[in-house]
Amino acid sequence: MAPEDDVEVVIDETREKGDEIVNIRILSVLKSEKSPEGVKYRFQYGKKRAENPILRYDNQHGVHERHDGGSVEEIDSPGVKPLLQRFLDEAGIDL
Numbered sequence: 859m860a861p862e863d864d865v866e867v868v869i870d871e872t873r874e875k876g877d878e879i880v881n882i883r884i885l886s887v888l889k890s891e892k893s894p895e896g897v898k899y900r901f902q903y904g905k906k907r908a909e910n911p912i913l914r915y916d917n918q919h920g921v922h923e924r925h926d927g928g929s930v931e932e933i934d935s936p937g938v939k940p941l942l943q944r945f946l947d948e949a950g951i952d953l
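Numbering-wise, the sequence shown is residues 859 to 953 according to our numbering.
Encoded structure:
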């Protein structure tokens, strides 16, 4: 990832309800081969202290991924806003 000075936190929000937790993190980073859009994101929904998320979308390794429990699949990215909405819809979350 880019040096810390080149990273701007756009959103970093965590909400908890009972034993469930939702984290939405979007960073603005320098455009690079791994981050051509200049954005890093992680949208995660799961149980506290669970090994695997119930659902997560991220591009932390330079590819867009959807994690469903223990399985991972590469996905096409229509952009951060549409992916965030897809995540919220799939997880049944209202923000």
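Where a beta carbon is used, it is the ideal one built from N, C-alpha and C, also for glycine.
First through last residue of the alpha helix (DSSP H) which encompasses residue i
i, result
"glutamate 948", "938 to 949"
Status (buried if at least 16 other CB within 10 Å, exposed otherwise) for residue i
i, result
"alanine 908", "exposed"
"histidine 919", "exposed"
"aspartate 952", "exposed"
"valine 867", "exposed"
Contact check, residue i vs residue j, beta carbons under 8 Å
i, j, result
"lysine 898", "aspartate 877", "no"
"leucine 913", "aspartate 934", "no"
"aspartate 864", "arginine 883", "no"
Of the listed residues the options, nearest to residue i (C-alpha basis)
i, options, result
"proline 894", "Ser886, Glu866, Lys875", "Ser886"
"glycine 937", "Glu871, Val921, Val867", "Val921"
"glutamate 874", "Lys889, Lys892, Ser890, Gln902", "Gln902"
"phenylalanine 945", "Tyr915, Glu891, Glu923", "Tyr915"
"leucine 941", "Gly928, Val930, Arg900", "Arg900"
Neighbourhood of residue i by C-beta distance below 6 Å, restricted to the same chain and skipping five residues each side
i, result
"methionine 859", "Note that methionine 859 has pLDDT 47, beneath the 50 cutoff, so the model's placement of it is unreliable and the number below is only indicative. Result list for methionine 859: empty, nothing under 6 Å."
"valine 930", "Glu923"
Host beta strand (DSSP E) of residue i (start-end)
i, result
"arginine 873", "866 to 875"
"serine 886", "878 to 886"
"leucine 953", "Unbroken run through leucine 953: none, as it is neither H nor E."
"glycine 927", "Run containing glycine 927: none; DSSP gives neither H nor E here."
Same chain, Cβ closer than 7 Å to residue i, neighbours up to 5 away in sequence not counted
i, result
"asparagine 910", "Gly927, Gly928"
Sequence-distant residues of its chain with Cβ nearer than 8 Å to residue i (five each side left out)
i, result
"glutamate 891", "Gly920"
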